[in-house]
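For the sequence shown, position 322 matches number 321 in numbering that gives the first Met the number 0, and the numbering has no gaps at all.
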Amino acid sequence: MKRIIKAILRPPFAYTRYVYLRYIKHGFYASAEVMSHEMALSAVSEFPMSYFGYYNVSPENDKGQVLYCVPSSDGNVTLYYRDDEGEHQIGETAAHNLQQGCMSQWGYTNPNKAYYNRYNKATDMYEGVVYNADAQKEIDILPMPIYALSKQEDYALSLNFDRLAVMRPDYGYFCHRNIVLPSNDEDGIWHVDIATKEVKLIITLQQLIDLKPADTMDGARHKVNHIDISPDGKRFMFLHRWVGPKGRFMRLITANADGSEMYILNGDKMTSHSYWVDNSRIVSFCYTPETGDAYVMFEDKTGNRKLVSKKLPTTDGHPSTINQGEWMVTDSYPGHDAMSRLYLYNIKTDDLICLGRFYQPLKYKGPGRIDLHPKWNMQGTKVYFESGHNGKRRLYSINVAELLK
Numbered sequence: 000m001k002r003i004i005k006a007i008l009r010p011p012f013a014y015t016r017y018v019y020l021r022y023i024k025h026g027f028y029a030s031a032e033v034m035s036h037e038m039a040l041s042a043v044s045e046f047p048m049s050y051f052g053y054y055n056v057s058p059e060n061d062k063g064q065v066l067y068c069v070p071s072s073d074g075n076v077t078l079y080y081r082d083d084e085g086e087h088q089i090g091e092t093a094a095h096n097l098q099q100g101c102m103s104q105w106g107y108t109n110p111n112k113a114y115y116n117r118y119n120k121a122t123d124m125y126e127g128v129v130y131n132a133d134a135q136k137e138i139d140i141l142p143m144p145i146y147a148l149s150k151q152e153d154y155a156l157s158l159n160f161d162r163l164a165v166m167r168p169d170y171g172y173f174c175h176r177n178i179v180l181p182s183n184d185e186d187g188i189w190h191v192d193i194a195t196k197e198v199k200l201i202i203t204l205q206q207l208i209d210l211k212p213a214d215t216m217d218g219a220r221h222k223v224n225h226i227d228i229s230p231d232g233k234r235f236m237f238l239h240r241w242v243g244p245k246g247r248f249m250r251l252i253t254a255n256a257d258g259s260e261m262y263i264l265n266g267d268k269m270t271s272h273s274y275w276v277d278n279s280r281i282v283s284f285c286y287t288p289e290t291g292d293a294y295v296m297f298e299d300k301t302g303n304r305k306l307v308s309k310k311l312p313t314t315d316g317h318p319s320t321i322n323q324g325e326w327m328v329t330d331s332y333p334g335h336d337a338m339s340r341l342y343l344y345n346i347k348t349d350d351l352i353c354l355g356r357f358y359q360p361l362k363y364k365g366p367g368r369i370d371l372h373p374k375w376n377m378q379g380t381k382v383y384f385e386s387g388h389n390g391k392r393r394l395y396s397i398n399v400a401e402l403l404k
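Structure below.
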């Protein structure tokens with residue numbers, strides 16, 4: 000038996016060796032380890048599987064109601080919210096993915112409103128839905144799916160989820176078959192007026208190609224992704240990515256709400272996950288010549304940028320901040336010990352705290368992987384995140400109120 004094991008762990012069984020080191024030697028006995036007894040970790044839903052989505056939106060509103068998706072056997076998900084009275088069903092949708100859910104989010108000006116995306120089979124179109132939790136009914140339909148919603152709730156920004164389905168399946172929707180993508184002049188970022196329902200293409204892919212074109216764009220296909228709107232709603236950021244014969248490239252760009260005054264913050268080797276700290280500063284995990292791969296603080300439209308801290312991990316994570324950037328939460332992908340790590344960082348004091356380690360089973364990989372995607376509640380007292388440490392994808396919360404004091 001020992002000879003067999005040794006043979007398996009030698010080449011050409013390199014992947015088997017990796018699995019052994021990561022998931023057998025370290026992972027089988029591991030589950031979750033929260034670093035302080037003062038922090039309470041709890042699953043949000045009674046369902047065995049649940050998740051919310053990305054890291055830049057809170058699943059909890061000012062009333063303490065929490066949104067989450069529950070997968071069903073037909074491939075759809077059902078959107079619920081939970082409060083002190085129990086779990087309440089909002090609606091079912093086929094417009095979803097495991098990384099960003101159905102883009103569900105609460106309103107900021109009206110916490111009773113919940114927004115999410117769905118597929119309308121009658122029109123063969125994706126659309127946005129506005130739901131009133133108090134009235135427990137759907138109150139409005141938007142002509143395009145939401146990617147980002149302004150905190151003033153006056154407009155949303157959208158993109159072509161079919162293009163993501165073709166070029167970046169992790170974030171696309173898959174209700175359409177035999178997809179034919181529009182030309183670069185007819186695709187990009189759309190502005191959706193919430194009140195009037197007016198839809199306008201404000202930035203085209205061709206405009207992005209013409210914005211300081213690079214030779215790496217020759218023969219490449221282009222897309223936009225990861226749109227996020229500044230707190231005051233006046234600017235937004237997004238990633239312009241292209242993939243071609245010379246490789247995969249990307250730029251972090253900001254623009255006014257109408258698509259004007261585009262500004263390239265960073266490019267074009269690597270920019271991954273970013274977050275508006277306030278109306279002028281953006282924290283991003285990215286590459287710059289000065290810092291290498293690191294968390295960098297950018298000042299919009301100035302060219303000013305600086306390393307956030309030498310203490311933060313130099314591996315990719317999903318940052319978000321509270322209190323004008325005083326506190327930042329981020330995470331890491333699973334290491335060789337099969338553990339994803341959750342971090343809390345104080346920008347003012349340069350203190351880094353590991354909130355916990357969470358085991359991620361090998362079966363969750365590729366577009367179905369489980370990233371922690373940590374996000375704050377609106378009060379800044381809890382951190383929500385997804386994890387598979389108990390064998391199923393679930394949404395958890397961890398109370399950090401005492402720690403922040």
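Just so you know, even glycine gets a beta-carbon here, dropped at the ideal spot from N, CA and C. Since the model is a prediction, treat every value here as computed from it, not as a measurement.
Return the chain-ordered ranges of every beta strand (DSSP E) run that is complete within the stretch 298–360 and spans a minimum of 3 residues. The qualifying runs are 304–306, 319–321, 326–330, 338–345, 350–358.
Enumerate in chain order the residues of its own chain whose CB-to-CB distance from ASN75 is below 7 angstroms, with the five nearest sequence positions on each side excluded. In its chain, beyond the 5 residues on either side, GLU91, THR92, ALA93 have a beta carbon closer than 7 angstroms to the beta carbon of ASN75.
Exposed or buried, VAL399, counting other C-beta atoms within 10 Å across all chains shown (16 or more means buried)? Classification of VAL399: buried, given that the 10 Å Cβ count is 16 or more.
Span separating the alpha-carbon of GLY243 from that of ALA132: Spanning the two alpha carbons is a distance of roughly 45 angstroms.
Excluding the 5 residues preceding and the 5 following THR320 in the sequence, name in chain order all residues of the same chain whose CB lies nearer than 7 angstroms to its CB. Answer for THR320: TYR274, VAL276, VAL282, TRP326, MET327, listed in chain order.
In three-state DSSP terms, what is ARG280? Three-state result, ARG280: strand.
Distance between beta carbons of TYR395 and VAL43, contact taken as under 8 angstroms: With a Cβ gap of about 7 angstroms, VAL43 and TYR395 count as contacting.
Round the Cβ separation of THR253 and LEU264 to the nearest angstrom and send it over; I've been treating them as touching at under 8 angstroms. That pair is a contact at about 6 angstroms.
Host alpha helix (DSSP H) of ILE178 (start-end): ILE178 -> no alpha helix (DSSP H), and no H or E assigned at all.
Ordered along the chain, which non-local residues of its own chain (more than five positions away) have a Cβ less than 8 angstroms from that of PRO373? Counting only Cβ-Cβ distances below 8 angstroms, and skipping sequence neighbours, we find TYR54, HIS317, SER319, VAL328, THR329, ASP330, LEU341, VAL382, TYR383, PHE384.
Among ASN224, PRO212, THR215, LEU141, which one has its Cα closest to the Cα of GLY171? By alpha-carbon distance to GLY171, the top candidate from ASN224, PRO212, THR215, LEU141 is ASN224.
For VAL191, which residues does DSSP report across the bridge? Bridge partners of VAL191: ALA155, VAL198.
How big is the Cα-Cα spacing for ASN303 and PHE284? Straight through space, the alpha carbons of PHE284 and ASN303 are spaced by roughly 16 angstroms.
Among HIS175, LEU361, ILE226, nearest to GLY387 - alpha-carbon criterion: That would be LEU361, whose Cα lies nearest to the Cα of GLY387.
In the structure shown, what three-state DSSP assignment does ASP231 receive? It is coil, neither helix nor strand.
State whether the stretch 213–223 contacts the stretch 194–201, with contact taken as three or more CB pairs (one from each stretch) at a distance under 8 angstroms. Cβ pair count under 8 angstroms is below three, so no.
Tell me which same chain residues have a C-beta within less than 8 angstroms of the C-beta of VAL183, skipping the five on either side of it? Here the sequence assigns Asn to residue 183, which means Val is not the residue at that position. Hits under 8 angstroms: THR203, LEU204, GLN205, ILE208, HIS221.
LEU311 versus ASP227 - alpha carbon distance: Going from the Cα of LEU311 to the Cα of ASP227 covers about 23 angstroms.
Can you say whether PRO366 is buried or exposed, counting buried as having 16 or more other CB atoms within 10 angstroms of its CB? With fewer than 16 other beta carbons inside 10 angstroms of its own, PRO366 counts as exposed.
CA nearest to the CA of ASP169, picked from LYS309, GLU59, GLN98: With distances taken between Cα atoms, ASP169 lies closest to GLN98.
With respect to the alpha helix (DSSP H) encompassing MET166, which residues constitute its N-terminal and C-terminal limits? Element bounds for MET166: 160–166.
Could you have a look at GLY258 and say whether DSSP puts it in helix, strand or coil? For GLY258, the secondary structure class from DSSP, reduced to helix, strand or coil, is coil.
Could you check if ALA164 is buried or exposed, using at least 16 other CB atoms within 10 Å of its CB as the buried criterion? ALA164 is buried by the Cβ-count criterion.
Taking all protein chains shown into account, do 16 or more other C-beta atoms lie within 10 angstroms of the C-beta of PHE27, making it buried, or fewer, making it exposed? Its pLDDT being 44, under 50, PHE27 is placed unreliably by the model, and the measurement read from it follows with that caveat. With fewer than 16 other Cβ atoms inside 10 Å of its own Cβ, PHE27 counts as exposed.
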